[in-house]
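First residue of the sequence shown: 1, per this note's numbering; consecutive thereafter. One structure is given below, encoded as C-alpha cells.
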Amino acid sequence: MAVEIQSPWRIGPVEIPTRLVLAPMAGVSVQAFRRQGRRFGAGLVCSEMVSCAGLQHGNERTLGYLRIGRDETPLAVQIFGSEPGVMADAARMVEDAGADIVDINFGCPVRKVTKTGAGATLLEDPDRACRIVGAVVGAVAVPVTVKMRRGLADGSRDALEVGPRLVEAGAAALTLHPRSAKQMYTGTADHSLTAELVERVDVPVIASGDVTSRARAQELLDDTGCAAVMVGRAAQGNPWAVGQIAGRANGEPGREEVVAELVLFMRATVAELGEQRATGFLKKFYGWYLGRGRFPKPFKQELVQLATLAEVEERLFSAAPGATDVLARLEGELPGEDDVLLDLPISVYGGG
Ligand SMILES: Cc1cc2nc3c(=O)[nH]c(=O)nc-3n(C[C@H](O)[C@H](O)[C@H](O)COP(=O)(O)O)c2cc1C
C-alpha cells in the first residue's frame, strides 16, 4: 500500500506528522534551519552531531548545540563518540535539554571523527556499536535511534549485518545513508540496500541520500518500504524544496520571498549564535539562497565581502524592495521569543 508523504508515523511513542525528516548537517542544522524546515513541512528535524566528549567537558560551544525551543518538537539530537559510558551521560544531558529522540551517529566519514573510533568506524566494530546503543538506551526514557552509512569500504554491506543487531540492542529506528564512508558524497546512494534493511528489521527505516524531488521521495517510500525520507543538501538555502517534497508548495519562489526568508534566517541565526559567529556562519548560505538562477552570480560575491550583517540586509532589500512586506508577514507568524526557550541553565544558550 502506498505511503503518503503527508501521513503521520511513529518512532516509539513519538508521533511524527509527515514522512519528511530534515537531515542532521554539521555547520548547517542550527535551530533557525530546523525551525524553517519544520515550517515548510518537515515532520522530524535533527540537530547536527554533538560530541559526547564536548558535553562531558562542559565545552561552551558544544553545550550551545543543546539549545532547544519549546516549539521544537519532535526533535532528534544526534550525539557521537566511542565510549558507551560517556555516550550514556551525553544522552542524559540531551534528554534533559528537551530532545524527543536521541540519535547516535555511526555514519560520519570525516577523519577527525573516525580516528577517535567514532562515526562510521563503529560499523566495523559491531560489538562496541551494540554496547553504545545498549548503554544509551539504558540511560534515557526517550527513543534512541541510529544513523549509519552502508559501511566503510566501497561496496560494503556492513550496515545490513549491524542494523538488526542495533535493533536488538534497543534502537527504535534506523536511518541509512547507503554510501560508503570512503565515497563521502560522490557517486549515488544505493537505496537497494535500504530495501534490504527494511526486510531485516521490524523498526522504521529512514532513507537518506539524494532525495531532491517529490517524485524521488515517493519512489523511495513505494520501492524500499522505508517509513520516511530524509532531505539534506537539497534543503540548504532551499526550504521551498522541503515544501515541494512534503507536498505543500509548488514552483520556485519569487525574489521577494527568497530575500525575506534569507533575512529571517539571518536574524534568527544572530539571536542564536551571536552577531560575530553568525557573520561567518552565514556566508555559505548566501550562495545557497541566491544561486539556482535566482540572482546573478556576482551578487553573492558582493554580499560575502560586506563587513556587517546590517549592510548585507540593506543590499538584499535594495535588490528586492518588496521583501520587507513579505518579511513583516513572516515575522508576524512566528512565536514570540519568550514562548520558545526551554528552562535551561543560561550557559547553554551560548551566543545570546
Ligand atoms: C554539510 C553536511 C554535514 C553533515 N553532517 C552530518 C551530521 O552531523 N550527522 C549525520 O548523521 N550526517 C551528516 N551529514 C549527512 C546527511 O545527514 C545526509 O545523510 C547526506 O547528506 C545524504 O543526504 P542528501 O543527499 O539529502 O544530502 C552531513 C551532510 C552534509 C552535506
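Each residue gets a CB set at the ideal place from its N, CA and C atoms; glycine is no exception. Owing to the predicted nature of the structure, the values given are computational and were not obtained by experimental measurement.
query	result
Inter-residue Cα distance where the pair is V136 and I79	10 Å
Reduced DSSP secondary structure (H/G/I, E/B, other) of Q78	strand
Closer than 8 Å: H191 CB and nearest ligand 1 heavy atom	no
Where D202 falls, given that 16 or more other Cβ within 10 Å makes a residue buried	exposed
Cut-off 8 Å between Cβ atoms - residues of its own chain near R200, not counting five sequence neighbours on either side	L160, G163, P164
heavy atom of ligand 1 below 8 Å from E48 C-beta	yes
Sheet register partners of T145 (DSSP bridge)	D103, A173
heavy atom of ligand 1 below 8 Å from V28 C-beta	yes
Near ligand 1: C226 beta-carbon under 8 Å from a heavy atom	no
Inter-residue Cα distance where the pair is M148 and T279	32 Å
Ligand 1 heavy atom lying under 8 Å from the CB of C130	no
Below-9 Å beta-carbon distance, I16 vs any chain B residue	This model lacks chain B altogether; it includes just one protein chain.
Proximity test, V136 beta-carbon vs ligand 1 heavy atom, cut-off 8 Å	no
Helix, strand or coil at G352 according to DSSP, with G and I counted as helix	Per-residue confidence for G352 stands at a pLDDT of 29, beneath the threshold of 50, marking its modelled position as unreliable; no derived number is given.
As assigned by DSSP and simplified to three states, the class of C52	helix
N105: CB within 8 Å of a non-hydrogen atom of ligand 2	In terms of ligand content, the structure shown lacks ligand 2 and carries ligand 1 instead.
Contact under 9 Å by Cβ, A173 with P143	yes
Inter-residue Cα distance where the pair is E313 and P298	16 Å
Among G293, G54, R267, nearest to F281 - alpha-carbon criterion	R267
S208: first and last residue of the uninterrupted beta strand (DSSP E) it sits in	205-208
According to DSSP, residues forming a beta bridge with S180	G151
Where the alpha helix (DSSP H) through V229 begins and ends	Here V229 belongs to no alpha helix (DSSP H); instead the beta strand (DSSP E) covers 228-231.
Span separating the alpha-carbon of E252 from that of D210	20 Å
Terminal residues of the alpha helix (DSSP H) in which I245 lies	239-245
Secondary structure of V162, DSSP reduced to three states	helix
Ligand 1 heavy atom lying under 8 Å from the CB of G209	yes
Counterpart residues of W9 in DSSP-defined beta bridges	I16
Boundaries (first-last residue) of the alpha helix (DSSP H) holding R200	192-200
Cβ neighbour criterion (16 or more within 10 Å) applied to G37	buried
Proximity test, A118 beta-carbon vs ligand 1 heavy atom, cut-off 8 Å	no
K182 beta carbon less than 9 Å from that of D154	yes
G64, DSSP secondary structure in three states	helix
C-alpha gap between V259 and F40, whole angstroms	16 Å
Endpoints, the alpha helix (DSSP H) within which F281 is located	275-290
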